[in-house]
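Below: one structure, written as structure tokens.
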Amino acid sequence: EAQVTQNPRYLITVTGKKLTVTCSQNMNHEYMSWYRQDPGLGLRQIYYSMNVEVTDKGDVPEGYKVSRKEKRNFPLILESPSPNQTSLYFCASRRTGLGELFFGEGSRLTVL
Amino acid sequence: AQKVTQAQTEISVVEKEDVTLDCVYETRDTTYYLFWYKQPPSGELVFLIRRNSFDEQNEISGRYSWNFQKSTSSFNFTITASQVVDSAVYFCALSEARARGGNTPLVFGKGTRLSVIA
Chain E
4 EAQVTQNPRY LITVTGKKLT VTCSQNMNHE YMSWYRQDPG LGLRQIYYSM NVEVTDKGDV
64 PEGYKVSRKE KRNFPLILES PSPNQTSLYF CASRRTGLGE LFFGEGSRLT VL
Chain F
41 AQKVTQAQTE ISVVEKEDVT LDCVYETRDT TYYLFWYKQP PSGELVFLIR RNSFDEQNEI
101 SGRYSWNFQK STSSFNFTIT ASQVVDSAVY FCALSEARAR GGNTPLVFGK GTRLSVIA
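Chains as they are written, first to last, in the numbering used here: chain E, 4 to 115; chain F, 41 to 158.
Following this line, the structure appears as structure tokens:
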């Protein structure tokens, strides 16, 4: 089954404790991206990757890092989480070019 | 700059009523894609439709239909004979073809929360 898989789905952590949200897709997509969803603000792009070893900032990259060492994986790293990073995070992928994004199920993160 | 506006924050309808969700977009690009996604209470984002800027044909899929009008920059979504399972947040999104370094992000509207009451 074609899918984008994120882990963990739910996480409560404390300020400053590094965490990684993993993302894996099995569709051989070149393009991957992270979004965060916040009430009243909608979905905003954090980072994206056009292909292996090619990553760049989206609209709200502050406080996040990503890596793309393999085509299928695109982890989101919060080196020192803060409460304003409490959010619902979505990983997504698609083939290069235009087209619909396929989203993971979301990861709800709470930073205390 | 690209922008998507969904003016209806919340809509409530009684089951079997028809409901239209509005979406107005702004873009300077002549080539772009428009999308609708559904976010049910379980939280995932489900792709519903993609429409490119050169295809203004309306589309029908079961109880769902979409009306794309470039003249008014609108891409409205109608659910006919609504059902309780249609209760969700619906997002309209835009992606421009003119890429920034190859990135063609989806720009989302704020969403419309639809509640269908039995």
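Think of the CB as a built atom: it goes at the ideal place given N, C-alpha and C, for glycine as much as any other residue.
Model, not experiment: these values are computed from the prediction.
Check: For residue 43/F, which three-state DSSP category applies?
Finding: strand
Next item on the list: Can you say whether residue 72/E is buried or exposed, counting buried as having 16 or more other CB atoms within 10 angstroms of its CB?
Entry: exposed
Check: Taking 8 Å as the CB-CB limit, is residue 28/E close to chain F?
Finding: In terms of beta-carbon proximity, residue 28/E stays away from the interface with chain F, with every pair separated by 8 Å or more.
Next item on the list: Could you tell me which residues DSSP pairs with residue 89/F in its beta bridges?
Entry: 76/F
Item checked: Listed by chain order, chain F residues near residue 91/E by CB distance under 9 Å -> 83
Next item on the list: Round the Cβ separation of residue 13/E and residue 111/E to the nearest angstrom and send it over; I've been treating them as touching at under 8 Å.
Entry: 5 Å
Checklist line | At least 3 beta-carbon pairs within less than 8 Å: the stretch 101-109 of chain E vs the stretch 87-95 of chain F | finding: yes
Check: Mind checking residue 115/E: buried by the 16 CB within 10 Å criterion, or exposed?
Finding: So residue 115/E ends up on the exposed side.
Check: Which residue comes first and which comes last in the beta strand (DSSP E) that contains residue 3/E?
Finding: For chain E, the structure presents residues 4 to 115; residue 3/E sits outside this window and is missing.
Checklist line | Given residue 154/F as reference, the closest of 128/F, 134/F, 98/F, 148/F once Cα atoms are compared | finding: That would be 128/F, whose Cα lies nearest to the Cα of residue 154/F.
Notebook entry, point to check: Taking Cβ positions, are residue 9/E and residue 25/E nearer each other than 8 Å?
Noted result: Using a Cβ distance threshold of 8 Å, residue 9/E and residue 25/E count as a contacting pair.
Checklist line | As assigned by DSSP and simplified to three states, the class of residue 111/F | finding: Of the three classes helix, strand and coil, the one that applies to residue 111/F here is helix, per DSSP.
Margin query: Beta-carbon within less than 6 Å of residue 28/E's beta-carbon, same chain only, minus the 5 sequence neighbours each way: which residues are those?
Written below: 7, 75, 96
Checklist line | Minimum Cβ-Cβ distance from residue 110/F to chain E less than 8 Å | finding: no
Notebook entry, point to check: Roughly how far, in whole angstroms, is the beta-carbon of residue 35/E from the beta-carbon of residue 52/E, given that I think they are within contact range, below 8 Å?
Noted result: 5 Å
Item checked: residue 105/E: contacting residues in chain F (beta-carbon distance under 8 Å) -> By Cβ distance, chain F contributes 87.
Check: Under a three-way DSSP split, which group does residue 161/F fall into?
Finding: Residue numbering for chain F in the displayed model covers 41 to 158; residue 161/F lies beyond these limits and cannot be assessed.
Note to self: Counting only Cβ-Cβ distances shorter than 9 Å, please list the residues of the stretch 16-49 of chain E near chain F, keeping chain order.
What the structure shows: 34, 36, 38, 40, 43, 44, 45, 46, 47, 48
Notebook entry, point to check: Per DSSP, residue 40/E is paired with what?
Noted result: 46/E, 91/E
Checklist line | residue 116/F to residue 91/F span [Cα, whole Å] | finding: Straight-line Cα distance between these residues: approximately 12 Å.
Next item on the list: Please list, in chain order, all residues of the same chain as residue 56/F whose beta carbon is under 6 Å from its beta carbon, the five residues on each side excluded.
Entry: The residues are 121.
Note to self: On the DSSP bridge list, what partners appear for residue 50/F?
What the structure shows: 153/F
Item checked: Near-chain E residues of the stretch 86-105 of chain F - C-beta to any C-beta below 7 Å -> 87, 90
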